[in-house]
Amino acid sequence: MKLNNIITLSSSRFWNGLYLFKLGLYILGYINFSVVLNLLTFLGLCIRFKNNIVQKIYGFLIGLFALMLFYHDSFLPSIEQMLAQKANLTGFSVSYMIEFAYSFINFTMVFAFIAAIAVLSFVTKYVRIQNLIIILIVGINFINVARIRDGLRSDPDMRITAISNEQGDLVAKLTQSGMDKYFSQFHENENERKIHLLDTADAPVDVILIHADGMTNSDMQSFGFNENNVFSRFNIFLTKFNSVSTDANINTKRLLNSMCGQKDRDSYKTKEKECNLITALNEKKFLTRGFFDIHKIYLENKDSFSDSYVNSEKTKESNDRITALFENCLKQLKNQDIKQSSISYISIDSLSDTSDFLKYKSNATRFMFSLNSFIDQLQRSNRNILLIYVPSKGALERKRFDIIPSRKQLEGTAMIKFIDGTKSYESVVFDKSTSYMAISDLIVKSLKGEFIDKRQYFSVKAFIEDTAVTPFVGEDINCNYIELFKKHYFKLHNANWIELKDN
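Be aware that the sequence shown starts at -13, since it is given in our numbering, and climbs by one per residue.
Now the structure itself:
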């Protein structure tokens, strides 16, 4: 019996459209794409049995597998996780579930899928689309996807390299005493630096400060997170941001007290109102809220805010706690008077709270998905929002050099996004060394209201040019870290400076 008497090779317009749609989503960074699995599945979809009963059974099974693969390639939570949260989901009202589902729907993509099928219905008269799709699937690995994504962004990146306000000259020699002098001189200079919050805009502004662990530049590169579409939505990129310490609680205190320069670790044991960003905004009649996913950090910092919340014990899974933080923040904003300004600090310190790198990758991937949805909902809020993402301690390198606060462990990319519902802004890369003071600096400048003033053009490039910079110095409870003449040195307390070559 000949094979062509049993099966034929052809594919439907629906599956052709779906796979072109999937390839487009992958290029835009919305989903992952397994070349082997998708190629085999598409070839399976092209097979049609001439026996109607066999074809119905086979078509159902291969179609179900194709849809499951689509779900697997997406950044959506796994089926196991959703089933595990069945009890929690049943506690929500129907209206809440409808609103929550609506927040995940990208109607532009839905219409794009419909348009793809419509176009295919015309093109298939002249071209064998399934052959083209097979070529595209096989060739996707040979395409520079990152460059295509950059080209599709609405505004090209601009890179700022000329900075006018470098910290005072730090002169040192590569001797033990010279490096000690450099370290002490650094703190002397930093102790004199202070940001002053003067006038704020008449229009209300909501500042949302997301402080997340496990997302340093090293982590992002190792797991390919820097290609995720959510990060392309920001406007300012501080690519050499120093989180200073591998201690999450100290990093929280450094960020909240970033109106002053980088102080030594012991200085954060006492509260200094003159350096506290939250206190300064509270004096300007801002509502101040703190959201935490680790109970210890919540207890240490809750008094800094007029309202504080913790979701550390709500669920066992870290990503569920993070989603709860975002939802709570949105709820508070929704209930807030439209004329009232606020600052919301969201502390996320559970992403890298695991020794299993695969679990960490899963946590981080779902965090990015939740962040993407969070941004979507903020853009629909009809509020003027300054969204800031600040990286904290790393995930990978901490396992390797647990006591050395080196650049690999601490350097990340802080990001800022302006949201006012009407404007779009260019993207700017700022590649000088920065730390927490730069965050307060940008917040204070943003509160002047230039980015929401519809009467004048707002240049992100001009806005970022004089951002506060800070030489890269790392500090932990047992170790300090400096960089001199393109070399890296660490010093255990009461010991000598040692060059760190694997950095």
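Idealized CB from N, CA, C, for every residue including glycine.
Compare the Cα-Cα distances from Tyr422 to each of Val459, Ser392 and Gly435 and report the closest residue. Val459
Measure the alpha-carbon distance for Ile484 versus Glu269 and round it to whole angstroms. 45 angstroms
Of the listed residues Ser367, Ile425, Arg(-1) and Glu174, nearest to Lys320 (C-alpha basis): Ser367
Cys465 - containing beta strand (DSSP E), residue span: Cys465 to Leu470
For Ser150, which of helix, strand or coil comes out of DSSP? Reliability of the predicted coordinates at Ser150 is poor, the pLDDT of 34 falling under 50, and no value is obtained from them.
With Phe272 as the anchor, note down where its alpha helix (DSSP H) starts and where it stops. Looking at the DSSP string, Phe272 is not in any alpha helix (DSSP H), and its letter there is neither H nor E.
Please report the straight-line C-alpha distance between Gln153 and Val124, rounded to a whole angstrom. Because Gln153 sits at a pLDDT of 40, beneath the cut-off of 50, its placement in the model cannot be relied upon, and the following sentence gives the value as read from the coordinates. Going from the Cα of Gln153 to the Cα of Val124 covers about 52 angstroms.
With H, G and I counted as helix, E and B as strand and the rest as coil, what does DSSP make of Val376? strand
Which of the three DSSP states, helix, strand or coil, is assigned to His422? Reading off the sequence shown, one finds Tyr at residue 422, where the question assumed His. Note: Tyr422 maps to helix in three-state DSSP.
Pull up the DSSP beta-bridge partners for Asn228, would you. Glu397
My understanding is that Leu195 touches Ser330, with C-beta atoms under 8 angstroms, so please give their C-beta distance in whole angstroms. 7 angstroms
Taking 8 angstroms as the cut-off, is the C-beta of Gln322 nearer than that to any heavy atom in the ligand SAM? In the structure shown, the ligand SAM is absent, as is every other ligand, since no ligand is present at all.
Please classify Tyr254 as buried or exposed, where buried requires at least 16 neighbouring CB atoms within 10 angstroms. buried
Are the Cβ atoms of Phe169 and Asn466 separated by less than 9 angstroms? yes
Quick one: measure Cβ to Cβ for Pro377 and Phe227, integer angstroms, because I've assumed they're closer than 8 angstroms. 6 angstroms
Can you name the start and end residues of the alpha helix (DSSP H) that Val191 belongs to? Per DSSP, Val191 belongs to no alpha helix (DSSP H) and is neither H nor E.
Same chain only: Cβ atoms within 6 angstroms of Leu11, ignoring 5 sequence neighbours per side: Ile17
Counting C-beta neighbours from all protein chains within 10 Å, is the total for Gln116 16 or more, i.e. buried, or is it exposed? buried
Can you give the beta carbon distance from Ala492 to Met201, rounded, assuming they're within the 8 angstroms contact cut? With the chain covering -13 to 489 only, the question about residue 492 has no answer from this structure.
Answer yes if the stretch 308 to 328 comes into contact with the stretch 239 to 258, meaning at least three C-beta pairs across the two stretches below 8 angstroms, and no otherwise. no
How long is the line joining the alpha carbons of Ile463 and Leu478, rounded to whole angstroms? 9 angstroms
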